[in-house]
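A.B. asks: Sharing a structure, written as structure tokens. Questions coming.
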Amino acid sequence: MKGEILAESAVRFVRELGAPAANIWTFLTDSRKLPEWYGEGAIEPREGGAVSLMGGHVRGVVTGWRPQEFLGYTWNVFSAGESVSRFPISYLEFTLDGSKLTLIHRPIPQAMQSQTMMGWHTMLDLIAAGLAGDFPKRSDLFPKNAERYGVDLTKLNKG
């Protein structure tokens, strides 16, 4: 029996943030800045380091750590109290080229693609605003991005 090639879906965003790479890196990795866009969390600053984001809802391992150039980590979603996730592992890559940030998140199950696009668009909006010294609430940005990606927030909030 022969193997087969599977198509993998991914989301990609490229944002010109108009800030030095050092400032962007701080937003991506510093536990004091993560709550401004990602929620409570910590990223251990080395390959193989632990990742805990959104109060432990998202956990993973750092797969790439090149300050001000590249950050990669696994992304696994856990429900409260779970020690084993029922969701597939995803991979995140943040690449910096000066003030340009490229984000790739893969794989994304088809049923989650619009929701994932809305979420990352919102989080990147929060990073851009934070770099400019503004700190809007995530909930204020969700409606615009939900409309942009066709996400019904009433259904999303029901779980």
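Residues in the sequence shown are numbered consecutively from 148, following this note's numbering. Where is the CB? At the ideal position from N, CA and C, for every residue including glycine.
Going straight from the alpha carbon of M265 to that of V208, what length do you get?
C.D. replies: Taking the first residue of the sequence shown as position 1, residue 265 is located at position 118. Taking the first residue of the sequence shown as position 1, residue 208 is located at position 61. One C-alpha to the other measures close to 24 angstroms.
A.B. asks: What do you reckon, are the CB atoms on V158 and T269 nearer than 9 angstroms?
C.D. replies: As a first step, residue 158 is located in the sequence shown; it is residue number 11 there, counting from the start. As a first step, residue 269 is located in the sequence shown; it is residue number 122 there, counting from the start. Result no, Cβ atoms of V158 and T269 do not sit closer than 9 angstroms.
A.B. asks: Determine which residues share a DSSP beta bridge with R225 and list them.
C.D. replies: Against the sequence shown, residue 225 aligns to sequence position 78. The residue asked about is misnamed: residue 225 is Phe in this sequence, not Arg. None, per the DSSP bridge assignment.
A.B. asks: Please report the straight-line C-alpha distance between D244 and F217, rounded to a whole angstrom.
C.D. replies: Within the sequence shown, the letter at position 97 stands for residue 244. Within the sequence shown, the letter at position 70 stands for residue 217. Straight-line Cα distance between these residues: approximately 9 angstroms.
A.B. asks: Determine, using beta-carbon pairs with one atom in the stretch 177-192 and one in the stretch 286-304, whether at least three such pairs fall under 8 angstroms.
C.D. replies: no
A.B. asks: Can you round the beta-carbon distance between E183 and L273 to whole angstroms, since I take them to be within the 8 angstroms contact cut?
C.D. replies: Working through the sequence shown from its first residue, we reach residue 183 at position 36. Working through the sequence shown from its first residue, we reach residue 273 at position 126. Rounded, the Cβ-Cβ distance is 7 angstroms, consistent with contact.
A.B. asks: Mind checking whether R162 and L239 have CB atoms under 9 angstroms apart?
C.D. replies: Residue mapping note: residue 162 aligns to position 15 of the sequence shown, counting from 1. Residue mapping note: residue 239 aligns to position 92 of the sequence shown, counting from 1. Going by C-beta atoms, R162 is not nearer than 9 angstroms to L239.
A.B. asks: Could you tell me the alpha carbon to alpha carbon distance between G202 and Y185, rounded to whole angstroms?
C.D. replies: As a first step, residue 202 is located in the sequence shown; it is residue number 55 there, counting from the start. As a first step, residue 185 is located in the sequence shown; it is residue number 38 there, counting from the start. Each residue's Cα considered, the two are about 10 angstroms apart.
A.B. asks: Can you tell which of P283, T221 and T242 has its C-alpha closest to the C-alpha of G195?
C.D. replies: One-based indexing of the sequence shown puts residue 195 at position 48. Checked all of P283, T221 and T242; the closest Cα to G195 is T221.
A.B. asks: Considering only the alpha carbon of each residue, which of T242, M148, G150 and V198 lies closest to R213?
C.D. replies: Taking the sequence shown and counting its residues from 1, one reaches residue 213 at position 66. Per the Cα distances, T242.
A.B. asks: Tell me, please, which residues DSSP counts as bridged to Y185.
C.D. replies: In the sequence shown, residue 185 corresponds to position 38, counting from 1. BP columns for Y185 are empty, so no partner.
A.B. asks: Taking DSSP's pairing of strands, which residues face W212 in a bridge?
C.D. replies: Along the sequence shown, one-based indexing puts residue 212 at 65. Looking at the DSSP assignment, W212 forms a beta bridge with L218.
A.B. asks: In the DSSP assignment, find the beta strand (DSSP E) that holds F282 and state where it starts and stops.
C.D. replies: Within the sequence shown, the letter at position 135 stands for residue 282. For F282, no beta strand (DSSP E) encloses it, and the DSSP letter there is neither H nor E.
A.B. asks: Along the alpha helix (DSSP H) that carries S261, what are the first and last residues, could you check?
C.D. replies: Locating residue 261 in the sequence shown gives position 114, counting from the first residue. It spans Q260 to L278 - the alpha helix (DSSP H) in which S261 sits, taken as one unbroken run.
A.B. asks: Assuming F289 and L278 are in contact, meaning their beta carbons sit under 8 angstroms apart, how far apart are those beta carbons, in whole angstroms?
C.D. replies: Taking the sequence shown and counting its residues from 1, one reaches residue 289 at position 142. Taking the sequence shown and counting its residues from 1, one reaches residue 278 at position 131. F289 to L278, Cβ: 20 angstroms. No contact.
A.B. asks: State yes or no: is the C-beta of H252 within less than 9 angstroms of the C-beta of V224?
C.D. replies: For this step, residue 252 is matched to residue 105 along the sequence shown. For this step, residue 224 is matched to residue 77 along the sequence shown. No, the pair does not count as a contact, with Cβ atoms beyond the cut-off.
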